[in-house]
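> Keeping their order, the protein sequence lines are chains A and B.
Going by full-length UniProt numbering, the residue at position 201 of the first sequence is 201; the numbering climbs one at a time, nothing skipped.
Going by full-length UniProt numbering, the residue at position 110 of the second sequence is 110; the numbering climbs one at a time, nothing skipped.
One structure, pasted below without further comment.
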Amino acid sequence: MIVKLAWKNIWFKPLNTTLSMLLLAASVAIITLLILLQKQFEEQFSNNADNVDLVLGAQGSPLQLVLSSVYQVDAPTGNINYDSARVWMRHPFVQSAIPLAFGDNYLGYKIVGTTPEYLEKFNSSVNEGKIFQKNLEVVIGASVAKKLNLKVGDTFQGTHGDAKEGEKHEEFDYLVTGIASPTGKVIDNLIVCNVETVWQMHDEGHGEAIQEEHEHDEHAHEVVHVESPKEITAVLLKFRNKMGIVTWPRMIAQNTKMQAASPAIEINRLFTLFGVGLKTLEYLAYGIMLISGISIFIALFNRLKERKYEFALLRLHGATRLQILLVVIVESLFLCITGYLFGTVIGRIALGWLSAASEEDFKMAFNPTEIIWDKEGYLFIVTLLVGIAAALIPAIKAYRLNISKTLANG
Amino acid sequence: MISTKNITFSYQNQATFQFPDLICQAKETLLITGNSGVGKTTLLHLLGGLLRPASGEILIGSQNLNDLTEKQLDAFRGQNIGLVLQQSHFVESFNVLENVVLASWLASGKKETEKATAILSHLGMQEHLHKMTSQLSMGQQQRVSIARALINNPKILLADEPTSSLDDVSTAKVADLLENLAAEYNTALIIVTHDSRLKDRFTNQISLS
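Quick look at the structure:
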């Protein structure tokens with residue numbers, strides 16, 4: 001009955017209630033969004049960097065190198081000489097070295113020349129068809145297959161560079177030989193082939209390279225080793241001896257024209273930068289929550305003046321002081337809990353929209369249905385505390401109400 | 001049913017009220033009259049357990065109100081005392097029936113919906129059970145207050161100026177209604193008023209001065 005009374009009461013003044021609830025829902029929505037975004041962002045970043053201790057690439061910004069080669073979100077720093085890279089790739093410290101060569105794209109999806117190990121790094125296998133073996137054979141990521149509606153056996157022509165609208169390589173057709181299993185990582189949005197394909201495209205497509213030796217006939221469907229200054233974009237290194245992670249960046253910087261960057265360190269730096277922005281937003285959201293608390297307080301306080309007869313009446317009919325206190329607090333908690341529920345839902349809808357947009361731009365999707373119990377639970381407790389704090393003074397005033405005086409003056 | 005002995009009361013820094021002893025049995029009606037400012041409402045609140053006397057005793061049934069703690073007094077008031085106030089107050093967000101049921105729940109923890117419906121119907125309010133109290137006329141609101149005061153079969157029914165804003169015909173009706181209900185519910189009825197029309201009607205009177 002106390003609960004019913006509280007429930008009916010908050011809807012007796014629907015405008016007040018809606019305002020308080022809306023403010024609370026807004027702050028909860030922002031915080032929920034931030035919680036989910038931060039967690040999933042970090043998760044995505046660390047998942048994609050699994051098994052990559054260092055990235056070897058051209059000199060420039062180490063962050064750019066990591067972003068471009070591990071996450072496929074930025075332009076590469078440049079190319080490196082394959083032969084000089086190979087010196088390091090074959091080093092006994094190294095457990096695995098995956099070369100990456102960027103060159104073309106197909107409708108915005110990057111075509112990456114690499115080895116089948118690249119798929120293994122993501123724990124991805126070829127779901128349909130088979131792995132690329134010859135030049136111009138490609139395995140496409142699960143999302144690429146779905147969005148572009150490509151099947152095994154389909155062919156397409158690549159576009160030079162990383163812009164969708166560019167010069168087409170019309171003389172060669174890529175052949176889809178396999179579709180990779182979905183992983184939720186960057187591989188889903190890539191088209192992978194062997195490194196030689198990229199070299200072939202580059203040389204033949206632009207006629208820039210000097211072809212000195214023609215040991216092989218240039219059949220498109222064979223592995224063609226084009227002897228020219230072979231270049232790749234980056235190498236993902238995993239170490240057997242972890243000493244290398246510490247010593248190599250300096251060694252490589254001093255002795256070669258390349259650089260080695262650690263994804264862990266660079267991404268940490270990136271998060272520290274992001275962190276300031278996220279923290280600001282979080283403070284803003286807690287600010288809104290404070291305002292919503294004040295709005296609940298004012299609403300309850302104003303209502304108290306109108307409702308003192310009602311409370312006196314309840315006391316008259318045998319309600320204890322404690323029950324009156326409870327009515328006020330339960331009302332506030334109702335507001336807060338409803339606001340919280342709306343907030344978490346709104347936050348997730350917002351994340352869904354954001355996810356659609358970020359998938360379009362960065363090929364990065366977020367999962368709005370994930371529930372992060374500890375952080376959201378903490379947020380829920382904070383919300384309840386706001387509710388109790390806002391109700392405290394009105395509740396105590398109601399508790400201490402002098403019924404005789406109230407009724408005599410009425 | 002209800003009796004008082006030597007009760008006095010004083011508000012802070014104000015004159016002390018001394019009230020004459022009174023006694024009222026079940027089914028009887030006692031009229032307490034007096035001009036404004038003589039402490040009529042104060043006496044009513046003392047009898048209703050809303051205020052505690054500075055000295056003296058109030059007995060309802062066999063219970064001395066002085067012996068009850070604050071919390072026990074709340075419960076006792078809910079179960080044994082029915083109050084009809086000069087102005088009717090309601091829980092605004094509840095409808096007529098819910099307001100009456102609420103009184104039964106507060107007193108006993110049980111929702112006596114059937115009983116509430118019966119009493120309200122008895123008072124001619126069967127058409128208005130699900131209206132909001134703000135939609136009722138003053139007279140209807142008073143009937144709801146009476147129904148609410150009677151739902152727990154109180155030992156005493158206290159009415160504060162029940163007729164002050166009514167015309168002669170309505171005054172007579174309300175007086176009859178209260179008297180009949182007191183008899184029907186086996187309740188002692190105490191009416192506090194300065195209304196001279198009631199003075200002619202009830203013989204059992206105490207005048208405060």
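Here a beta-carbon is modelled for each residue, glycine too, at the ideal position from N, C-alpha and C.
Predicted model only: the values in this text are computed from it and were never measured.
What residues from chain A crowd round E92 (chain B), counting only those whose CB sits closer than 7 Å?
Taking the first residue of the second sequence as position 1, residue 92 (chain B) is located at position 92. Those are F12 and E310, listed as they occur along chain A.
> With 16 as the cutoff for other CB atoms within 10 Å, does F232 (chain A) come out buried or exposed?
To locate residue 232 (chain A), count along the first sequence from 1; it is residue 232. Here the sequence assigns Ile to residue 232 (chain A), which means Phe is not the residue at that position. That one is buried.
> So with Cβ pairs under 8 Å, would you call R315 (chain A) a contact of chain B?
As a working mapping, residue 315 (chain A) is identified with position 315 in the first sequence. Answer yes: the Cβ-Cβ gap between R315 (chain A) and chain B drops below 8 Å somewhere.
> In the segment 41-59 of chain B, which residues sit with their C-beta less than 7 Å from some C-beta in chain A, listed in chain order?
Residues passing the 7 Å Cβ filter: T41, H45, L50 and L51.
> Under 8 Å, do L23 (chain A) and S332 (chain A) count as touching if we go by C-beta distance?
Translated into positions along the first sequence, residue 23 (chain A) becomes position 23. Translated into positions along the first sequence, residue 332 (chain A) becomes position 332. No; because the gap between Cβ atoms is not below 8 Å, this pair is not in contact.
> Could you tell me which residues DSSP puts in a beta bridge with L237 (chain A)?
Start at 1 with the first residue of the first sequence, and residue 237 (chain A) comes out as number 237. The partner list for L237 (chain A) (beta bridge, DSSP) reads A:L54 and A:A97.
> If the cut is a Cβ gap below 9 Å, which residues of chain A does K71 (chain B) touch?
Within the second sequence, the letter at position 71 stands for residue 71 (chain B). Within chain A, the residues near K71 (chain B) are T320, R321 and L322.
> Can you tell me whether K151 (chain A) is buried or exposed? The criterion is at least 16 other CB atoms within 10 Å of its CB, across all chains shown.
As a working mapping, residue 151 (chain A) is identified with position 151 in the first sequence. Result: exposed.
> Thinking just about the alpha-carbon of each residue, which of A:A85, A:K147 and A:E167 is nearest to the one in A58 (chain A)?
Taking the first sequence and counting its residues from 1, the one referred to as residue 58 (chain A) is at position 58. Answer by Cα proximity: A:A85.
> List the residues of chain B whose Cβ lies closer than 7 Å to the Cβ of I296 (chain A), in chain order.
Here residue 296 (chain A) is taken as the residue at index 296 of the first sequence, counted from 1. Near I296 (chain A) there are no residues of chain B at all, since even the closest Cβ is about 17 Å away, more than 7 Å.
> F9 (chain B) to L19 (chain A), Cα distance in whole Å?
Taking the first residue of the second sequence as 1, we reach residue 9 (chain B) at position 9. Taking the first residue of the first sequence as 1, we reach residue 19 (chain A) at position 19. If you take the alpha carbons of F9 (chain B) and L19 (chain A), they lie about 47 Å apart.
> Could you please tell me which residues of the segment 394-410 of chain A, in chain order, have their CB closer than 8 Å to any CB of chain B?
Taking 8 Å as the Cβ-Cβ cut-off against chain B, the residues of the segment 394-410 of chain A that qualify are I403, S404, L407, A408 and G410.
> Beta-carbon of G78 (chain B) versus every beta-carbon of chain A: anything under 8 Å?
As a first step, residue 78 (chain B) must be located in the second sequence, where it is residue number 78. Closer than 8 Å to some Cβ of chain A, the Cβ of G78 (chain B) qualifies, so yes.
> Output yes or no for whether 8 Å exceeds the beta carbon distance between K134 (chain A) and I191 (chain A).
As a first step, residue 134 (chain A) is located in the first sequence; it is residue number 134 there, counting from the start. As a first step, residue 191 (chain A) is located in the first sequence; it is residue number 191 there, counting from the start. No, they are not a contact pair.
> Roughly how many angstroms separate the alpha carbons of S295 (chain A) and I346 (chain A), rounded to a whole number?
One-based indexing of the first sequence puts residue 295 (chain A) at position 295. One-based indexing of the first sequence puts residue 346 (chain A) at position 346. C-alpha separation (whole angstroms): 20 Å.
> With 16 as the cutoff for other CB atoms within 10 Å, does K305 (chain A) come out buried or exposed?
Counting from one through the first sequence, the residue named residue 305 (chain A) turns up at place 305. Classification for K305 (chain A): exposed.
> Identify whether H130 (chain B) lies in helix, strand or coil by the three-state DSSP scheme.
Looking up residue 130 (chain B) in the second sequence gives position 130. Note: H130 (chain B) maps to coil in three-state DSSP.
> Taking only the alpha-carbon atoms, compute the straight-line gap between L59 (chain B) and S164 (chain B) and give it to the nearest angstrom.
Translated into the one-based positions of the second sequence, residue 59 (chain B) becomes position 59. Translated into the one-based positions of the second sequence, residue 164 (chain B) becomes position 164. Rounded to whole angstroms, L59 (chain B) to S164 (chain B) spans 28 Å at the Cα level.
> Please determine if the segment 170-189 of chain B and the segment 102-109 of chain B are in contact, where contact requires at least 3 C-beta pairs separated by less than 8 Å.
Because the criterion of three Cβ pairs below 8 Å is not met, the segment 170-189 of chain B and the segment 102-109 of chain B do not touch.
> What does DSSP give as the partner residue(s) for Q205 (chain B) in the beta ladder?
Along the second sequence, read from residue 1 onward, the residue named residue 205 (chain B) stands at position 205. The partner list for Q205 (chain B) (beta bridge, DSSP) reads B:L31.
> My output table needs one value for F311 (chain A): the three-state DSSP class, helix, strand or coil.
By one-based count along the first sequence, residue 311 (chain A) stands at place 311. Reduced to three states, the DSSP call for F311 (chain A) is helix.
> DSSP beta-bridge partners for T18 (chain A)?
Taking the first residue of the first sequence as 1, we reach residue 18 (chain A) at position 18. Note: T18 (chain A) sits in no beta bridge, so no partner.
> Tell me where the alpha helix (DSSP H) around G244 (chain A) begins and ends.
Residue numbering aside, residue 244 (chain A) sits at position 244 when the first sequence is read from its first letter. It spans M243 to N255 - the alpha helix (DSSP H) in which G244 (chain A) sits, taken as one unbroken run.
> Roughly how many angstroms lie between the CA atoms of Y162 (chain B) and T171 (chain B), to the nearest whole one?
The residue labelled residue 162 (chain B) in the question sits at position 162 within the second sequence. The residue labelled residue 171 (chain B) in the question sits at position 171 within the second sequence. One detail in the question is off: residue 162 (chain B) reads as Pro in this sequence, not Tyr. Taking the straight line from one Cα to the other gives about 8 Å.
> Can you check whether the C-beta of T187 (chain B) is within less than 8 Å of a C-beta belonging to chain A?
Here residue 187 (chain B) refers to the residue found at position 187 when the second sequence is read from its first residue. Judged by the 8 Å Cβ criterion, T187 (chain B) is not in contact with chain A.
> Skipping 5 residues on each side, what residues in its chain have a beta carbon closer than 6 Å to that of H202 (chain A)?
Taking the first residue of the first sequence as 1, we reach residue 202 (chain A) at position 202. Same-chain partners within the cutoff: G103.
> For K146 (chain A), I'd like the list of residues in its chain whose CB is within less than 8 Å of its CB, leaving aside the five on either flank, ordered along the chain.
Locating residue 146 (chain A) in the first sequence gives position 146, where the first residue counts as 1. Closer than 8 Å at the Cβ level, and outside the excluded window around K146 (chain A), lies no residue.
> Taking the continuous beta strand (DSSP E) assigned at N127 (chain A), which residues delimit it?
As a position in the first sequence, residue 127 (chain A) is number 127, starting the count at 1. Start and end: V126 to G129.
> Classify T406 (chain A) as helix, strand or coil using the three-state DSSP reduction.
What you label residue 406 (chain A) is simply residue 406 of the first sequence in a count that begins at 1. T406 (chain A): helix per DSSP, three-state reduction.
> Using a Cβ-Cβ distance cut-off of 8 Å, determine whether K30 (chain B) contacts chain A.
Start at 1 with the first residue of the second sequence, and residue 30 (chain B) comes out as number 30. The amino acid at residue 30 (chain B) is misidentified as Lys; the sequence shows Leu. Judged by the 8 Å Cβ criterion, L30 (chain B) is not in contact with chain A.
> Short of 8 Å in beta carbon distance, which residues of its chain neighbour residue 414 (chain A), apart from the five on each side in sequence? Order them along the chain.
Since the first and last residues shown for chain A are 1 and 410, residue 414 (chain A) lies out of range.
> Quick one: is L270 (chain A) near chain B, going by C-beta distance under 8 Å?
By one-based count along the first sequence, residue 270 (chain A) stands at place 270. L270 (chain A) does not count as touching chain B.
> How would you label N123 (chain A), buried or exposed, when you count the other beta carbons within 10 angstroms and need 16 or more for buried?
For the purposes of this step, residue 123 (chain A) is taken as the residue at position 123 of the first sequence. So N123 (chain A) ends up on the exposed side.
> Tell me which residue opens and which closes the beta strand (DSSP E) that residue 211 (chain B) is part of.
For chain B, the structure presents residues 1 to 209; residue 211 (chain B) sits outside this window and is missing.
> Tell me whether K8 (chain A) sits in a helix, a strand or coil according to DSSP, three-state version.
As a first step, residue 8 (chain A) is located in the first sequence; it is residue number 8 there, counting from the start. K8 (chain A): helix per DSSP, three-state reduction.
> Would you say L83 (chain B) lies against chain A (beta-carbon separation less than 8 Å)?
Numbered from its first residue, the second sequence carries residue 83 (chain B) at position 83. Yes, contact with chain A.
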